[in-house]
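Engineer: One structure follows; several queries about it will come next.
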Amino acid sequence: MSYGTATSACRAVFVRDFGLVWRRRGDALNPVLFAIMVVALFPFALGPEPKALQQISAGAVLVALLLAGLLSLDALFRSDLEDGSLEQLVLSPHPLALLLACKIAVHWLTTALPLLLVAPLLGEMLYLPRPVLGTLMAALALSTPLLSLIGAVCVALTVGMRRSGMLLALLVLPLYVPVLIFAAGACNAAQQGLPTLAPLLWLGAALALALVLAPLACAAALRISLN
Amino acid sequence: MNSPIDSEAPALLQARGLAYLRNDEPIFGPLSFQLYGGDVVLMEGDNGSGKTTLLKVLSGLLEPSSGEILLNGEPLTLARLSHQVALLGHLLGIKAELSPLQNLRFAIGIGGLRAGITPHHALKSVGLEGYEDVPLRQLSAGQKKRVALARLLLVPAALWLLDEPYANLDREGIGLVNRLLELHALRGGAALITSHGAYAYTSGTPRRIALRNTDMAAA
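Going line by line, the protein sequences match chains A and B.
Under the numbering used here, the residue at position 27 of the first sequence is numbered 27, and the numbers go up by one with no gaps.
Just so we're on the same page, the numbering used here is the position in the second sequence counted from 1, plus 1000.
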C-alpha cells in the first residue's frame, strides 16, 4: 500500500489540468482574443495619432491584460466544484495548499503566459516606444503570476456561490489596483528615462510573499466554501 | 449494536454524540455508533434526513457542531482522516472530458495506490474492460458510476463512505456494488453506505442505522 509522494500528487494535478486545457484549447484562446480586441479599440476612440497613443500605450496594455485575466479567473475552480473533483482534492492526504499551487501554476501557464506572449504585439499596435518594451515585459512577468495568486484566493472564497461573477470582480479589483500601480509606475518611469528598478522590486517582493501565502489562504478559503 | 465491543482493537470509526447544525437548525444527531473492520453498515433515511451531511462530516469535509469522531481510537485530524477514508458522493469527482484511465491515474496520484492492483485491473473488475480510453462523456451514467467505484478499489482507504452507491446502476451493477463491499469487508475494511431504502446490501445481514428527521434510532 502506498500513499504516493507529494511530488507524484503534484504531477497528477499538472497532467490532468493540462489535459483538460488541451481538450478545451479553443476556450484557452479567449483571453488573448479579448485583449487584442480591447487594445484594437483604442486607436478608434483616441484617433490614430502615434503621439497620443504612445502616451497611454503601456497603461492600456496593462489594463487590457488585467481584464483578460479576470475573464478566465472564475473558471479556476468552477468545474472542479461542479463535478466533485474539488472534494476529492480536499480529501487527498497531500497538502491541499501544494495541490492548489499546482492548479494555479497551470492556470497561469495556460491563460497568462499566452497573454504575455502577445503583449509585444499589443504594444506595437499602440506605438509603444521600443525601450519601454523591456520594462513592460518585466512588469508583466512579475505582475501576472501575482494577479493569478491573488485572484485564486478570491475565487476560492466565492466559488460556493452560484452567481459569483460580479462579487468576484468587486473583491478582486481593489487588490489588483496596487499591482497595476506598480507595474504602470515602472513603465512610466521607463518612458521618461528614469530608473525602473524600485517598482519592479516591489512587484518582486509582493510576488515572493504571495507565492508563499496565497496557496495557504486559498486552501483555507476553499475549505470554508465547501462548508 | 451487534459489534464486538469487548474486542481489544479499537473501532475503525467511532462517533460520539455527533451532531450537525446548519443555521441553528439541527440536520442530524446526536448520533453515537462504531464501525469495526469487516462491518458494512447501511444507513437508511428519507430524503432530507441528513444522510449526505453525515457522510460529509465523517469524511472531514464538514466540521461537526458537537460530538467527536475517533479513528482507530484516536481523535480525528484532517491528515490522518484522508489516509483512511474514501468518499463516493452524489458528485462522482471524475472529469467528463477525460478517459476512465486518465481519471483513475489522477485519483491514484492524489490519493495513493493499494498494493496489488492496477487501474486496468480495477476497470476490468467493474466491467469496463475495453472502455479505458473512451472519454467519459460518451459513457452512460451507470458506467460513470462504475469508474467511480473503480477508484474505490484503487485507493488505500480502509473506510468507505458511499452516498447512494446503487443509484443509476442496473441489476448487475447493484450486484457489483455488493460484491465490492463484500471483498472490502473480507479484507478488513469497513463501509458506511446510505440508501433511501430501494435496494439493500444483501450479503449477510448488514447493520442498519436509520436516520429520521433530526432524530436517530439504531435497529
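The beta carbon of each residue, even a glycine, is placed where N, CA and C say it ideally should be.
Computed from a predicted model, the values in this text were never measured in an experiment.
Can you give the Cα-Cα distance for A/ALA12 and A/ALA68, rounded to whole angstroms?
Structural biologist: Approximately 28 Å between the Cα atoms of the pair.
Engineer: Could you check where the alpha helix (DSSP H) with A/SER143 kicks off and where it finishes?
Structural biologist: Where A/SER143 is concerned, the enclosing alpha helix (DSSP H) stretches over 130–158.
Engineer: Ignoring anything shorter than 4 residues, give me the alpha helix (DSSP H) runs that lie fully in the stretch 54–97 of chain A, in order along the chain.
Structural biologist: Those alpha helix (DSSP H) runs which fall completely within the stretch 54–97 of chain A and span 4+ residues are 75–82 and 85–90.
Engineer: Does any residue of chain A have a CB that is nearer than 9 Å to the CB of B/ILE1193?
Structural biologist: No, because no Cβ of chain A sits closer than 9 Å to the Cβ of B/ILE1193.
Engineer: Tell me which residues of the stretch 1056–1070 of chain B have at least one Cβ-Cβ distance to chain A shorter than 9 Å, keeping chain order.
Structural biologist: Within the stretch 1056–1070 of chain B, the qualifying residues are LYS1056, SER1059, GLY1060, LEU1061, LEU1062 and GLU1063.
Engineer: Thinking C-alpha only, which one of B/LEU1035, B/ALA1191 and B/LEU1021 is nearest B/LEU1012?
Structural biologist: Taking only the C-alpha atoms, the option nearest B/LEU1012 is B/LEU1035.
Engineer: Under the DSSP definition of a beta bridge, which residues are partnered with A/ARG223?
Structural biologist: For A/ARG223, which the question treats as bridged, DSSP gives no partner whatsoever.
Engineer: Anything in the stretch 165–178 of chain A with a Cβ closer than 9 Å to a Cβ of chain B? List those residues in chain order, please.
Structural biologist: Listed by position along the chain: nothing, the set is empty.
Engineer: Here's the rule: buried if 16 or more other CB atoms are within 10 angstroms of the residue's CB, otherwise exposed. What is B/LEU1018?
Structural biologist: Buried: at least 16 other Cβ atoms inside 10 Å.
Engineer: I'd like to know if the stretch 1113–1130 of chain B and the stretch 1090–1101 of chain B are in contact, where contact means that at least 3 CB-CB pairs between them fall below 8 Å.
Structural biologist: Yes, the stretch 1113–1130 of chain B is in contact with the stretch 1090–1101 of chain B.
Engineer: Taking the beta carbon of A/LYS287 as the centre, do at least 16 other beta carbons fall within 10 Å, making it buried, or is it exposed?
Structural biologist: Only positions 1 to 227 of chain A appear in the structure, and residue 287 of chain A is not among them; the question remains open.
Engineer: Looking only at its own chain, which residues have a Cβ that is under 6 Å from the Cβ of B/PRO1072, when we skip the five neighbours before and after it?
Structural biologist: Contrary to the premise, residue 1072 of chain B reads as Asn rather than Pro in this sequence. Answer for B/ASN1072: PRO1010, listed in chain order.
Engineer: Within the 9 Å Cβ cut-off, does B/ILE1005 reach chain A?
Structural biologist: At B/ILE1005, the pLDDT of 47 sits below 50, so the modelled position is not reliable and the matter cannot be decided from this model.
Engineer: Please say whether A/LEU122 and A/SER225 have beta carbons closer to each other than 9 Å?
Structural biologist: No, the Cβ-Cβ distance between A/SER225 and A/LEU122 is not below 9 Å.
Engineer: From which residue to which residue does the beta strand (DSSP E) around B/ALA1015 run?
Structural biologist: 1013–1022 is the extent of the beta strand (DSSP E) around B/ALA1015.
Engineer: Tell me whether B/PRO1030 sits in a helix, a strand or coil according to DSSP, three-state version.
Structural biologist: In the structure shown, B/PRO1030 sits in a strand (DSSP, three-state: E or B).
Engineer: Is B/GLY1060 buried or exposed, if buried means 16 or more other CB atoms sit within 10 Å of its CB?
Structural biologist: Counting Cβ neighbours within 10 Å, B/GLY1060 comes out buried, since at least 16 surround it.
Engineer: Please work out which residues of its chain come closer than 6 Å, Cβ to Cβ, to B/GLY1189, disregarding the five sequence neighbours upstream and downstream, and give them in chain order.
Structural biologist: Within the same chain, B/GLY1189 has close Cβ partners ALA1158.
Engineer: In angstroms with no decimal places, state the Cα-to-Cα distance between A/ILE56 and A/VAL15.
Structural biologist: Distance between the alpha carbons of A/ILE56 and A/VAL15 is about 40 Å.
Engineer: Mind checking A/THR22: buried by the 16 CB within 10 Å criterion, or exposed?
Structural biologist: The question names Thr, yet the displayed sequence has Trp at residue 22 of chain A. Exposed.
Engineer: Assuming contact is defined by CB atoms lying nearer than 9 Å, are B/GLY1067 and B/ARG1016 in contact in what I supplied?
Structural biologist: Taking 9 Å as the Cβ cut-off, B/GLY1067 and B/ARG1016 qualify as a contacting pair.
Engineer: What is the rounded straight-line gap between the Cα of A/GLY4 and the Cα of B/ILE1069?
Structural biologist: If you take the alpha carbons of A/GLY4 and B/ILE1069, they lie about 26 Å apart.
Engineer: Rank A/ALA217, A/VAL179 and A/ALA186 by C-alpha distance to the C-alpha of A/LEU66 and give the top, closest one.
Structural biologist: Taking only the C-alpha atoms, the option nearest A/LEU66 is A/VAL179.
Engineer: DSSP puts A/GLU49 in a beta bridge; with which residues?
Structural biologist: Beta-bridge pairing links A/GLU49 to no other residue.
Engineer: Just to confirm my understanding: we take A/LEU216, look at its own chain, exclude 5 residues before and 5 after, and list those with CB closer than 8 Å. What are they?
Structural biologist: These residues qualify, in order along the chain: ALA97.
Engineer: Which of the three DSSP states, helix, strand or coil, is assigned to B/ILE1069?
Structural biologist: Strand, per DSSP.
Engineer: Using 9 Å as the limit for Cβ to Cβ distance, is B/LEU1180 near chain A?
Structural biologist: No, no contact with chain A.
Engineer: Name the chain A residues that come within less than 7 Å of B/LYS1145, Cβ to Cβ?
Structural biologist: Under the 7 Å cutoff, chain A gives no residues; its nearest Cβ is about 12 Å from B/LYS1145.
Engineer: List, in chain order, every chain B residue whose beta-carbon is nearer than 7 Å to that of A/VAL235.
Structural biologist: Only positions 1 to 227 of chain A appear in the structure, and residue 235 of chain A is not among them; the question remains open.
Engineer: If the criterion is Cβ atoms closer than 9 Å, does the pair B/ALA1107 and A/GLN88 meet it?
Structural biologist: It is a contact, given that the beta carbons lie within the stated cut-off.
Engineer: Only counting runs of 4 or more residues, tell me where the alpha helix (DSSP H) segments fall wholly within the stretch 1112–1173 of chain B, in order along the chain.
Structural biologist: The qualifying runs are 1119–1125 and 1141–1154.
Engineer: At the 9 Å Cβ level, is A/PRO83 part of the contact set with chain B, yes or no?
Structural biologist: It is worth fixing the name first, because residue 83 of chain A is Asp in this sequence and not Pro. Taking Cβ atoms only, chain B reaches closer than 9 Å to A/ASP83, which makes this a yes.
Engineer: Give the straight-line distance between the Cα atoms of B/SER1125 and B/LEU1152, rounded to the nearest whole angstrom.
Structural biologist: Cα to Cα, the separation comes out at about 12 Å.
Engineer: For A/ALA9 and A/ALA220, I'd like the C-alpha separation in whole angstroms.
Structural biologist: For A/ALA9 and A/ALA220, the distance between alpha carbons rounds to 19 Å.
Engineer: Consult DSSP for A/ILE104 and reduce its assignment to one of helix, strand or coil.
Structural biologist: Helix, per DSSP.
Engineer: With 9 Å as the threshold, decide whether the Cβ of A/SER72 is near any Cβ in chain B.
Structural biologist: For A/SER72, the answer is no, since every Cβ of chain B falls outside 9 Å of its Cβ.
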